[in-house]
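Counting with UniProt numbering, you get residues 1 to 105 for the letters of the sequence shown.
Report on one structure; see the data block that follows.
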Amino acid sequence: GANIIVVENDKQLQKILEVEKKLPLLKAIVYYKDDIKEKRPNLYSWDEFMELGSSVPDEQLDKVLAGLKPNQCCTIIYTSGTTGNPKGVMLSHDNITWTARAAGE
């Protein structure tokens with residue numbers, strides 16, 4: 001199940017809130033684009049969410065990174081569904097890393 005879900009707008013947030021009780025592993029919902037209209041437990045703006053990591057020691061982060069495998073699923077994104085139902089697409093850690101590096105060049 002999902003640990004962290006990122007939503008772009010209130011419409012997406014409402015969809016997640018409708019099924020939140022069916023997501024027992026959900027730790028955080030991150031609202032990255034619009035302003036948060038209603039504060040809720042475990043609902044963070046992008047800046048608030050990024051700030052959570054500032055107190056984690058580098059050694060702890062290094063252990064997490066060492067346990068990751070390049071081909072493991074990092075995230076699932078959904079297609080827009082323009083030609084049918086939206087479909088989940090798994091993106092691996094190496095895919096995300098390559099994309100971030102390419103975008104930074």
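Don't be surprised by glycine CBs; every beta carbon is placed ideally from N, CA and C.
It should be emphasised that the depicted structure is a prediction, and the values quoted were computed from it without experimental measurement.
Can you name, in chain order, every residue of its own chain whose Cβ lies under 7 Å from the Cβ of residue i, other than the five neighbours on each side?
| i | result |
| --- | --- |
| Lys-27 | Asn-3, Ile-4, Asn-42 |
| Leu-61 | none |
| Ile-16 | Ile-5, Val-7, Ile-29 |
Ordered along the chain, which non-local residues of its own chain (more than five positions away) have a Cβ less than 8 Å from that of residue i?
| i | result |
| --- | --- |
| Ser-80 | Pro-86 |
DSSP has residue i in a bridge; who is on the other side?
| i | result |
| --- | --- |
| Cys-73 | Ser-92 |
Going by Cα to Cα distance, which pick from the options is closest to residue i?
| i | options | result |
| --- | --- | --- |
| Cys-73 | Pro-24, Leu-61, Ser-92, Trp-98 | Ser-92 |
| Glu-8 | Trp-46, Leu-25, Val-19 | Trp-46 |
| Met-90 | Pro-70, Asp-58, Ala-103, Asp-10 | Pro-70 |
Within 10 angstroms of its Cβ, does residue i collect 16 or more other Cβ (buried), or is it exposed?
| i | result |
| --- | --- |
| Tyr-31 | buried |
| Val-13 | The question names Val, but residue 13 is Leu in the sequence shown. Burial call: buried. |
| Tyr-44 | buried |
| Ile-76 | exposed |
Write down every uninterrupted run of the beta strand (DSSP E) in the UniProt domain "AMP-dependent synthetase/ligase" (2 to 102) whose length is 3 residues or greater and which is fully enclosed by it, in chain order.
Entirely contained in the UniProt domain "AMP-dependent synthetase/ligase" (2 to 102), the beta strand (DSSP E) runs reaching 3 residues are, in chain order, 4 to 7, 28 to 31, 43 to 45, 73 to 78, 88 to 92.
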